[in-house]
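Going left to right, the sequence shown walks through residues 1 to 283 as UniProt numbering numbers them.
Data block below; observations after.
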Amino acid sequence: MTLRLVACPFSKMNQNNSSYVESTCKRIRCILNKITPVTFDELIQEILEIIRVYADGSTKEIFADIMFNMAISDSRYCVMYADLCKSCCDLDNDFKKCIVQKCQKSFEYGVEYAKKTSGLAEACFEYAKKTSGLAEACCVDEEDEERVKQKLKMRGTIRFIGELYRHNIISDRITQWCLTHLINHYEETKNELFIEYAARLIEAIGLNYEKRIISNPSGEELMSHYLNKMIDQLAAQKENYSTRIRFMIIDLVDLRKNGWVDRRELARVIIPRAFRDLNVKTR
């Protein structure tokens with residue numbers, strides 16, 4: 001009897017693996033692009049089904065990367081993507097590890113970039129002024145453009161960390177480490193960008209930090225002491241900062257005083273509603 005030699009099925013699967021991952025990721029992106037507050041409940045089931053059935057370890061990392069990048073690139077949908085991540089994390093704890101690692105890498109890169117470029121743009125600008133050269137001016141423009149890009153990415157990361165913190169995906173320990181890390185880098189470089197990032201992170205987690213204190217009385221003293229100490233420290237040193245950062249810290253102190261409810265955001269909602277109600281009554 002002669003046995004017929006056939007191709008190894010494992011080899012074939014490996015050859016097609018890249019196209020399989022690519023097509024699955026394309027499907028994920030397509031669904032995410034369609035997600036709105038209206039379609040959220042319907043489309044999230046499709047994403048959860050894909051993760052449940054198709055996602056292995058490496059594919060989960062790719063999915064997490066796609067969701068993370070979309071969340072930090074558009075602040076309008078940051079809350080919605082955090083809700084989506086919460087559902088994915090509830091389904092698969094490995095996905096939680098992936099998304100937390102994405103936040104960590106993006107945060108650490110943003111910190112290192114700010115540290116590396118401290119004073120660099122100012123030096124380039126002065127050089128361009130002295131030489132009056134177009135090449136140098138272009139250099140400054142390119143450097144400025146990259147700094148703005150990285151700053152927006154870091155802001156998006158901080159906002160997303162705050163939303164994941166709301167869902168207990170990011171822990172108190174992580175947020176405290178982030179704040180301490182930012183303050184330490186400011187002390188080292190005197191780059192006010194680190195103070196801005198710290199203020200934005202406190203603003204992002206403040207409300208839910210207070211909620212955790214109420215729900216966890218045993219940890220109240222430690223948690224409340226840390227955040228309040230950080231805010232008081234920034235307020236005490238605000239005269240050392242530029243006008244823009246000083247006003248940012250003043251707004252942060254006011255935000256804490258008002259129970260972490262932004263009066264300006266509240267006014268944007270309440271005032272138009274009041275006018276609509278008035279128009280209805282006068283008709």
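The beta carbon of each residue, even a glycine, is placed where N, CA and C say it ideally should be.
Fair warning: this is a prediction, and the values are worked out from it, not measured in the lab.
Compute the Euclidean distance between the alpha carbons of residue i and residue j, then round it to the nearest angstrom.
i, j, result
"residue 28", "residue 43", "10 Å"
"residue 230", "residue 26", "43 Å"
"residue 46", "residue 84", "11 Å"
"residue 75", "residue 68", "12 Å"
"residue 183", "residue 37", "36 Å"
"residue 124", "residue 188", "Residue placement at residue 124 is poorly supported in this model, since its pLDDT is 48, which falls under 50; the coordinates are not used for a value here."
"residue 212", "residue 251", "22 Å"
"residue 243", "residue 34", "41 Å"
"residue 190", "residue 86", "37 Å"
"residue 56", "residue 70", "21 Å"
"residue 240", "residue 145", "27 Å"
"residue 19", "residue 39", "28 Å"
"residue 259", "residue 30", "39 Å"
"residue 177", "residue 170", "11 Å"
"residue 225", "residue 262", "22 Å"
"residue 214", "residue 172", "14 Å"
"residue 54", "residue 116", "40 Å"
Taking the alpha carbon of residue i as the reference point, which residue from the options has its own alpha carbon closest?
i, options, result
"residue 150", "82, 245, 114", "114"
"residue 106", "70, 153, 148, 204", "153"
"residue 158", "193, 117, 103, 246", "103"
"residue 246", "225, 187, 192", "192"
"residue 22", "58, 36, 252", "58"
"residue 162", "258, 82, 177, 37", "82"
"residue 175", "189, 249, 198, 255", "198"
"residue 78", "204, 233, 248", "204"
"residue 179", "261, 50, 108", "108"
"residue 232", "255, 215, 214", "255"
"residue 80", "168, 118, 160", "160"
Would a C-beta distance cut-off of 8 Å place residue i and residue j closer than the cut-off?
i, j, result
"residue 72", "residue 156", "yes"
"residue 227", "residue 202", "yes"
"residue 91", "residue 52", "yes"
"residue 32", "residue 88", "no"
"residue 209", "residue 195", "no"
"residue 111", "residue 181", "yes"
"residue 238", "residue 249", "yes"
"residue 235", "residue 253", "yes"
Any beta carbon from chain B within less than 8 Å of residue i's own beta carbon?
i, result
"residue 45", "The question asks about chain B, but that chain is absent: this structure has only one protein chain."
**Report entry** the stretch 57-65 in contact with the stretch 86-97 per 3-pair CB rule at 8 Å
**Finding:** yes
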